[in-house]
Amino acid sequence: MYRYIAWFQRNYPSLHGKMTLCNHNFDHRDLNPYHLESDCWSHTMMVCKIAELNGYDKIVSIAALLHDIGKPDARRVNPRNNHVQFFGHENISAKIAEEVLSSMAKEGMIESREKDEIVKLIVHHSFLHRGLETTRLLDSFGGEIDFCIRLVELSRCDNLGRFCEDTVDDAKYREILEALHSRRQMEIFRISETGHSMNDSECILDTFRNG
Ligand SMILES: [Fe+2]
Numbered sequence: 408m409y410r411y412i413a414w415f416q417r418n419y420p421s422l423h424g425k426m427t428l429c430n431h432n433f434d435h436r437d438l439n440p441y442h443l444e445s446d447c448w449s450h451t452m453m454v455c456k457i458a459e460l461n462g463y464d465k466i467v468s469i470a471a472l473l474h475d476i477g478k479p480d481a482r483r484v485n486p487r488n489n490h491v492q493f494f495g496h497e498n499i500s501a502k503i504a505e506e507v508l509s510s511m512a513k514e515g516m517i518e519s520r521e522k523d524e525i526v527k528l529i530v531h532h533s534f535l536h537r538g539l540e541t542t543r544l545l546d547s548f549g550g551e552i553d554f555c556i557r558l559v560e561l562s563r564c565d566n567l568g569r570f571c572e573d574t575v576d577d578a579k580y581r582e583i584l585e586a587l588h589s590r591r592q593m594e595i596f597r598i599s600e601t602g603h604s605m606n607d608s609e610c611i612l613d614t615f616r617n618g
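Under my numbering, the letters of the sequence shown match residues 408 to 618, in that order.
So this is what it looks like as structure tokens:
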């Protein structure tokens, strides 16, 4: 993690600077109840630390570092109530991240397959805000278990890496991760038994059949 953060700070000082100046809150009276830590860089560092403490892989670690990089460009203040909003920051972040990731790829830090997955994780990093549910998650991403596991890991880091009035209970994230890991184990077992993998609908049907 240290290597990626240091590399980013050295190579993208202006993006780093924008993150440090971009507050989640309006001012000291109008605080943001979802991000009491205030600026986007502090939040990012907290998210990265959670990824590091959990030993999450390179793909999740770099996604954690870049997931909110578009917030300074997305930042808007609602003049009616001084609430700071970041609508659409996921896609803006992904677009900026693509450029950063291309430099990383050029320097041999990541492969192009990893770059694509990091971009996809950033685009969808708010997906689980709409509910933590294993089948819906797998259905939405074509049964790609490894991608879904990484998306939950990133979302978990994003949830824990902040001071929030209403943090989602971390047990829910651990629960869904456990379910995905056991699905993955089942799939590996099945491939070794039958020599072929099932698609997601077959997996779901099979889970229902077996209770
Ligand atoms: Fe975030």
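Glycine included, C-beta positions come from ideal geometry on N, C-alpha and C.
Item to complete: Can you list the residues near ligand 1, meaning Cβ strictly closer than 5 Å to any non-hydrogen atom, in the order they appear in the chain?
Response: Asp475, Asp565
Discussion item. Assuming Met516 and Ala458 are in contact, meaning their beta carbons sit under 8 Å apart, how far apart are those beta carbons, in whole angstroms?
Written reply: With a Cβ gap of about 16 Å, Met516 and Ala458 do not count as contacting.
Fill in: Own chain, CB closer than 8 Å to Ile552, minus 5 neighbours either side, in chain order
Leu545, Leu587, Arg590, Arg591, Glu594
Discussion item. For Ala501 and Ile598, what's the separation of their Cα atoms in angstroms?
Written reply: 34 Å
Worksheet entry | Spatial distance of Thr574 from Gly549 (CA atoms) | 29 Å
Item to complete: Have a look at His442, Tyr419, Ala413, Val454 and flag the residue whose alpha-carbon is nearest the alpha-carbon of Leu561.
Response: Val454
Worksheet item: Terminal residues of the continuous beta strand (DSSP E) containing Arg483?
Response: 483 to 485
Worksheet item: Less than 8 Å separating the beta-carbons of His431 and Ser445?
Response: yes
Worksheet entry | Inter-residue Cα distance where the pair is Asn490 and Pro440 | Reading off the sequence shown, one finds His at residue 490, where the question assumed Asn. For His490 and Pro440, the distance between alpha carbons rounds to 10 Å.
Worksheet item: Does DSSP classify Asp546 as helix, strand or coil?
Response: helix
Practice prompt. Go to Val491, then tell me how far its beta strand (DSSP E) extends in each direction, as first and last residue.
Written response: 490 to 492
Worksheet item: Which parts of the region 539 to 603 are runs of the beta strand (DSSP E), unbroken and 3 residues or longer, counting only runs that do not cross its ends?
Response: none
Worksheet item: Within 10 angstroms of its Cβ, does Ser519 collect 16 or more other Cβ (buried), or is it exposed?
Response: exposed
Discussion item. Quick check on Glu497: buried or exposed, where buried means 16 or more other Cβ atoms within 10 Å of its Cβ?
Written reply: buried
Practice prompt. Express the C-alpha separation of Phe534 and Ile556 in angstroms, rounding to a whole number.
Written response: 13 Å
Worksheet item: Hey, quick one: how far does the alpha helix (DSSP H) through Gly424 stretch, first residue to last?
Response: 420 to 428
Item to complete: Specify, as a first and last residue, the run of the alpha helix (DSSP H) that Asn498 falls within.
Response: 496 to 513
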